[in-house]
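Here the sequence shown stands for residues 3 to 86, numbered as in my numbering.
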Amino acid sequence: MEIIDSIDLENNQVTFKVLDGDLMKEYTLFLITLQVTSKEGGVGSVAHWHFQYVKINEKVADPESLLQFAVEVSKEIDAHLFSW
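Structure follows, in structure tokens:
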């Protein structure tokens, strides 16, 4: 489960804080930030994903599998916006 931790309308940015679930078994802190910026030239946008986390110990792997998740969510958002 996650909650919205902060919203920055000026910078088109939202940060989610993970509260429980599988991620919290391996990390004591996990924040996911999505910032959308305009492409140069003014056509379209770029999604920037940032993961901030603290591992429970050094044996825990970096959450690389979430990169594919971010790509899929970006594609779904793109498809939704173009359907308007």
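Glycine residues also receive a C-beta, built at the ideal position from the N, C-alpha and C atoms. Computed from a predicted structure; not experimentally measured.
Practice task
Tell me whether the beta-carbon of Asn14 lies closer than 7 Å to the beta-carbon of Val38.
Solution key: By one-based count along the sequence shown, residue 14 stands at place 12. By one-based count along the sequence shown, residue 38 stands at place 36. Their beta carbons are under 7 Å apart, which means Asn14 touches Val38 by this criterion.
Handout entry: C-alpha distance - Phe84 paired with Tyr29, whole-angstrom precision
Key = Against the sequence shown, residue 84 aligns to sequence position 82. Against the sequence shown, residue 29 aligns to sequence position 27. Those two C-alpha atoms are separated by around 36 Å.
Exercise for the section: Specify the secondary structure class of Ala63 as computed by DSSP and reduced to three states. Expected result: Numbered from 1 along the sequence shown, position 61 holds the residue referred to as residue 63. Here Ala63 sits in coil by DSSP.
Handout entry: Sequence-distant residues of the same chain with beta carbon closer than 7 Å to Ile6, five excluded per side
Key = Here residue 6 is taken as the residue at index 4 of the sequence shown, counted from 1. The answer, listed in chain order, is Val16 and Phe18.
Practice task
Along the beta strand (DSSP E) that carries Lys57, what are the first and last residues, could you check?
Solution key: Numbered from its first residue, the sequence shown carries residue 57 at position 55. Element bounds for Lys57: Ser47 to Lys57.
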